[in-house]
Amino acid sequence: MLTMANPFDASWWPPGFLPVAAVLFGAILGSFLNVVIHRLPRMGGYAPLPEPRVPLPVVGNHTLEIGDHTVAQPLPVHPDYDLAQPGSACPACRQPIPWHDNLPVIGWLLLKGRCRNCAATISPRYPLVELATAAGCLAIFDCFGATGATLAWIGFFAATMALFWIDVDTMMLPTGITFPLIWAGLAWQAWAGDPAGAILATIAAYLGFRTLEATAFAVFRRDALGRGDAHLAAALGAWLGPRPLVVAIAGSFVLGSLLGILVEFVRQGYGFGATWRSVRDRQTRPFPFGPALVLGGWVAMLTGDRLLRWYLEGMA
Ligand SMILES: [Zn+2]
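Letter 210 of the sequence shown, counting from 1, is numbered 542 in my numbering, and no numbers are missing.
Dropping the structure here:
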């Protein structure tokens with residue numbers, strides 16, 4: 333008796349296999365995202381390249397000053413520095429990292445967070461990104477099941493996870509991620525749902541954020557939102573469509589305010605009074621808004637427009 337094998341049917345897989353696979357895949361994906369988060373800004377010349385182990389060649393008619401951290405931006409870009417090469421190395425001693433020390437989460441735990449060669453501290457952010465990506469992949473699988481939607485949303489989640497940390501590090505949201513993310517979202521909606529609504533949400537989010545940006549500049553006489561925030565908001569509109577977009581944006585303003593106050597609290601040395609005065613007198617330093625948009629987008633990804641309906645029903 334021949335039965336049709338359908339991988340998009342959860343019962344086709346052994347029990348418990350798919351959730352475990354989602355977690356393992358997420359951890360490996362998170363490991364790759366760590367590379368993207370670290371290298372993409374350096375590839376674009378927005379962060380200093382690491383100190384080279386061997387002197388770099390002259391490219392074109394100028395000498396590359398890679399490793400000189402005082403070079404003005406945009407920094408020189410080296411043609412042999414991309415996502416694949418050179419291999420991972422300790423930022424402190426430049427010793428190449430063997431594959432077994434680079435295993436997601438486990439490598440960091442076995443090394444107790446220190447380089448095998450020079451004992452320099454390895455940031456706990458690497459295993460944190462891997463754990464968060466694993467948790468996110470499991471949550472997406474739990475929400476969408478054994479469907480193509482799970483794969484699509486894992487793609488959205490991975491791109492926004494990278495944007496979250498790149499914005500934290502550099503206060504920038506590279507168009508190399510945001511623009512393809514907009515097109516991918518529109519393609520996804522064209523295939524799965526509501527392309528007209530997605531196009532409307534994309535345009536509304538972009539114009540809304542550009543208007544906010546201009547208004548904030550007119551009022552505060554300084555940049556409160558960057559162009560990248562409008563690109564990211566447009567990508568959220570493309571992926572989520574109109575109603576969940578409202579949830580994402582509203583959520584991002586709530587979470588952004590809380591995150592902003594939390595960051596200021598840490599910057600002010602955990603002083604409540606100093607934090608309150610700096611927030612009241614708008615002495616707060618620039619704070620990236622991208623992470624708040626990403627968190628709002630994740631809430632909307634997992635809950636759709638349920639929070640909006642709940643809110644509207646509460647109002648009625
Ligand atoms: Zn080292």
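Every residue gets a Cβ at the ideal spot worked out from N, C-alpha and C, and that includes glycine. Keep in mind that this is a model prediction, so the values were computed, not measured.
Closest to residue i by C-alpha separation, out of the options, would be which residue?
i	options	result
Q417	W571, I360, F473, R374	R374
F619	C422, S589, L577	S589
G508	V631, S420, A567, Y602	A567
V367	A353, R457, Q521, G445	R457
A522	R371, D412, E545, A484	A484
R638	G605, V578, T607, V626	V578
T482	W642, A452, E462, A524	A524
F357	L415, L470, K444	L470
A342	Y538, A478, L564	A478
L365	T453, I486, W345, P347	I486
L415	G376, A421, N434, R371	R371
A537	E596, L587, H563, A606	H563
I593	T607, F511, G603	T607
P351	G468, V626, F511	G468
What three-state label does DSSP hand residue i in the structure shown?
i	result
H394	The predicted model places H394 with a pLDDT of 36, which falls under 50 and marks its position as unreliable, so this point remains unresolved.
T453	strand
V386	Because V386 sits at a pLDDT of 48, beneath the cut-off of 50, its placement in the model cannot be relied upon, and the following sentence gives the value as read from the coordinates. Correct three-state label for V386: coil.
L505	coil
D474	helix
D412	coil
D341	coil
V437	coil
A379	coil
T479	coil
Within this structure, are the beta carbons of residue i and residue j separated by less than 7 Å?
i	j	result
G558	A533	no
F541	D561	yes
A379	T502	yes
A580	A632	yes
L640	R575	yes
I514	A570	yes
P436	I360	yes
N449	C475	no
G622	L495	yes
G529	T465	no
G628	T492	no
F489	A354	no
W440	P459	yes
W520	I369	no
G445	I454	yes
Who does residue i pair with in a DSSP beta bridge?
i	result
P428	A421
R446	T453
In chain order, what are the residue ranges of uninterrupted alpha helix (DSSP H) at least 4 long that sit wholly in the region 487 to 564? 507 to 524, 527 to 552
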